[in-house]
Amino acid sequence: MTVVTRFAPSPTGFLHIGGARTALFNWLFARHHGGVFRLRIEDTDRQRSTQQAIDAIIDGLKWLGLDWDDETIFQFARAPRHAEVAMEMLKQGKAYYCYTTPEELEQMRAAARAAGKPMRYDGRWRDRDPKDAPQGVKPVVRLKAPTAGETVVQDKVQGEVRVANEQLDDMVLLRSDGTPTYMHSVVVDDHDMGITHVIRGDDHLTNTFRQLQIYQAMGWELPAFAHIPLIHGPDGAKLSKRHGALGVEAYRDMGYLPEALRNYLLRLGWGHGDDEIISTAQAIEWFDLDGVGRAPSRFDFAKLDNLNGHYLRQAEDASLAGEVARRLGVAGDAQLEQRLAAGMAGLKARAKTLKELADNARFYILKRPLVPDDKARAHLAATALQVLKGLRGVLAGPQSWNGTDLEAAAREFAESNGIKLGQVAQPLRAALTGATTSPPIFEVMQVLGREETLGRIDDALAGG
RNA sequence: GUCCCCAUCGUCUAGAGGCCCAGGACAUCACCCUUUCACGGUGAAGACACGGGUUCGAAUCCCGUUGGGGACGCCA
-13 MTVVTRFAPS PTGFLHIGGA RTALFNWLFA RHHGGVFRLR IEDTDRQRST QQAIDAIIDG
47 LKWLGLDWDD ETIFQFARAP RHAEVAMEML KQGKAYYCYT TPEELEQMRA AARAAGKPMR
107 YDGRWRDRDP KDAPQGVKPV VRLKAPTAGE TVVQDKVQGE VRVANEQLDD MVLLRSDGTP
167 TYMHSVVVDD HDMGITHVIR GDDHLTNTFR QLQIYQAMGW ELPAFAHIPL IHGPDGAKLS
227 KRHGALGVEA YRDMGYLPEA LRNYLLRLGW GHGDDEIIST AQAIEWFDLD GVGRAPSRFD
287 FAKLDNLNGH YLRQAEDASL AGEVARRLGV AGDAQLEQRL AAGMAGLKAR AKTLKELADN
347 ARFYILKRPL VPDDKARAHL AATALQVLKG LRGVLAGPQS WNGTDLEAAA REFAESNGIK
407 LGQVAQPLRA ALTGATTSPP IFEVMQVLGR EETLGRIDDA LAGG
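In terms of our numbering, the first sequence is residues -13 to 450.
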């Protein structure tokens, strides 16, 4: 049997981090089994679905590197099929028309609340003769759900979960305007799409009981269910827009790499022994539902940062330089991009995100004369400038321009002047980068080149 | 409120009755490396929510308490 999974977001907002993880798990599971991963846009809520959200979700998945098979399914387009199935259930006596008005429902809800009981539709049209139908009320179609016994889910993550059927009421399958409800369309679509494994958020666990009843009414084969725990914010509460429920594009903008986010999301709720750094290829090989934890987890930027730093150091200098150039607004300037690439070795060990990388790299693309920050200015006092002036004399000579030789020359200069290397290096750093922290300064000199280096030193000497 | 789920260091987790006075990773702290800051290395501190069982033996099984979360729509 070929494994078929799906990711089924509703396009009412961006692709948030929880959805991204759900998509990742479905994708990994399908790829692990050599199966099929499908995308279904659940756009049946016409009020809230937007093209913008659809684009954001698709862009997010693409950025994350989660490719799906076959064409994208749009749920709304399948409304006729959903209605058809409801009619079939009607014909088989598995469903019935219900003429209860929204007002009556509201009364029911109010009464239930007052009695401290959960809202349950009372089934008043369940066995009533349709001839009693009031004039002018468009009916909904409700499932004739079992009233006794219990419904049991065999969940691949949560284990066996059961609920008494009296807890469940006759849910609406088709609204009075003939459009399907979520519960109904999900089941019909999952069945028609041949989904074998429904992997989704924990928040759907209790929905599953009702969906199971639809499968049973239609006599359809059940898919396997796996409900993965939700991701919470740093404070343990449900992820809200205030803290962390950002779209994946926000993570991209913050400078996270897709491979780092994949690795982080994978480890959030899934484990493989003590392994932490897990490549995507390795993840496909290892991923299974047994490794999924059952407790909700909290989103931790510190760990994401650490992982991102790891993948950053692993990344190609040239592509990193391209991204940094884009962020600094100098993309396309071959000379600067080349300079950034040359400086990347020292730069990338010092950054956790692309944003930080770009910030740290800015001094490489700045035009002379640099404006040193306050701390750097403190290293450019009169005595320091004397040192710089002396060093400049050495550098102006026949000096080979690579980091190692430059360092040797600086060390020799410091020694002959009876000062520490740091007393030479810090003023130099201040002059060349305008800051007090930077990649190794002799590496910086090599990357900047002789002319630019001497120019920046002259600027500092003149500025003092 | 009703129903359902969950519970190991601050965080993510390993742990499927003895290998655990609980292992790893991130974060924190200290030291080393060092021209700055990082990276890297070494080390420290830090958890089985609580109470009952079951068992020769429980982080692991059962029950309860507490705490967290989710679902209760003609939203998805």
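Even for Gly, the Cβ is constructed at its ideal location relative to N, Cα and C.
| Item | Value |
| --- | --- |
| Which runs of the beta strand (DSSP E) spanning at least 3 residues fall entirely within the segment 120 to 164, listed in chain order? | 126 to 129, 136 to 141, 145 to 150, 158 to 160 |
| Does the distance from the C-beta atom of A307 to that of M330 stay below 9 Å? | yes |
| Could you tell me if L78 is buried or exposed, where buried requires 16 or more neighbouring beta carbons within 10 angstroms of its beta carbon? | Correcting the residue type first, residue 78 is Gln in the shown sequence and not Leu. Classification of Q78: exposed, given that the 10 Å Cβ count is below 16. |
| Return the bridge partner residues of I59 from the DSSP annotation. | R26 |
| Quick check on DSSP: helix, strand or coil for H2? | strand |
| Would you mind sorting P(-3) into buried or exposed? The rule is 16 or more other CB atoms within 10 Å of its CB. | buried |
| Under 9 Å, do E451 and V172 count as touching if we go by C-beta distance? | Outside the displayed span of the chain (-13 to 450) sits residue 451, for which this structure offers no information. |
| Measuring CB to CB, does L154 end up less than 9 Å from T137? | yes |
| Where does D141 land, buried or exposed, given buried means 16+ other C-beta within 10 angstroms? | buried |
| Whole beta strand (DSSP E) runs in the segment 31 to 117 with 3 or more residues, listed along the chain? | 81 to 84 |
| Suppose contacts are defined by Cβ-Cβ distances below 9 Å. Is A210 in contact with V278 by that definition? | no |
| For the pair the segment 199 to 209 and the segment 35 to 44, tell me if three or more CB-CB distances fall below 8 Å. | no |
| Where L47 and R17 are concerned, what is the direct C-alpha to C-alpha distance, given to the nearest angstrom? | 15 Å |
| Report the three-state DSSP secondary structure of V184 (helix, strand or coil). | strand |
| Does the separation of the CB atoms of D108 and M94 fall below 9 Å? | yes |
| Classify L387 as helix, strand or coil using the three-state DSSP reduction. | The amino acid occupying residue 387 in the given sequence is Trp; Leu does not appear at that position. Reduced to three states, the DSSP call for W387 is coil. |
| Can you tell me whether DSSP reads W13 as helix, strand or coil? | helix |
| Excluding the 5 residues preceding and the 5 following Y297 in the sequence, name in chain order all residues of the same chain whose CB lies nearer than 7 Å to its CB. | L243, E245, A246 |
| What is the DSSP secondary structure of W206, counted as helix, strand or coil? | coil |
| Reducing DSSP to helix, strand and coil, say where H213 ends up. | strand |
| Do three or more CB pairs link the segment 353 to 365 to the segment 418 to 432 at distances below 8 Å? | yes |
| Answer yes or no: do Y201 and K130 have a C-beta to C-beta separation smaller than 9 Å? | no |
| Run through the DSSP bridge pairs and tell me what V373 is partnered with. | Answer is none; V373 lacks a bridge partner. |
| Evaluate R110 with the Cβ neighbour count: other Cβ atoms within 10 Å of its Cβ, from every protein chain shown; 16 or more gives buried, anything less gives exposed. | exposed |
| For N12 and I217, what's the separation of their Cα atoms in angstroms? | 16 Å |
| Rounding to the nearest angstrom, what Cα-Cα distance links K470 and E302 in this structure? | Here the chain covers residues -13 to 450 and nothing more, so residue 470 does not appear. |
| How big is the Cα-Cα spacing for A327 and A347? | 10 Å |
| Rounded to a whole number of angstroms, what is the C-alpha to C-alpha distance between R378 and D345? | 28 Å |
| Out of T369, V433, N403, point me to the one whose CA is closest to W387's CA. | V433 |
| Tell me which residues share the same chain as A362 and place their Cβ nearer than 7 Å to its Cβ, disregarding the 5 neighbours each side in the sequence. | A416, G420, A421, T422 |
| Given this structure, state the Cα-to-Cα distance separating Q199 from R284, to the nearest angstrom. | 33 Å |
| Using a 10 Å radius around the Cβ and a threshold of 16 neighbouring Cβ atoms, would you call K338 buried or exposed? | buried |
| The alpha helix (DSSP H) that contains F428, what's its start and end? | 427 to 449 |
| Do the segment 52 to 67 and the segment 166 to 181 make contact, defined as three or more Cβ pairs closer than 8 Å? | yes |
| Would you call the CB atoms of R248 and L10 closer than 9 Å? | yes |
| Sort out for me which residues DSSP pairs T419 with in a bridge. | T419 pairs with nothing; no bridge assigned. |
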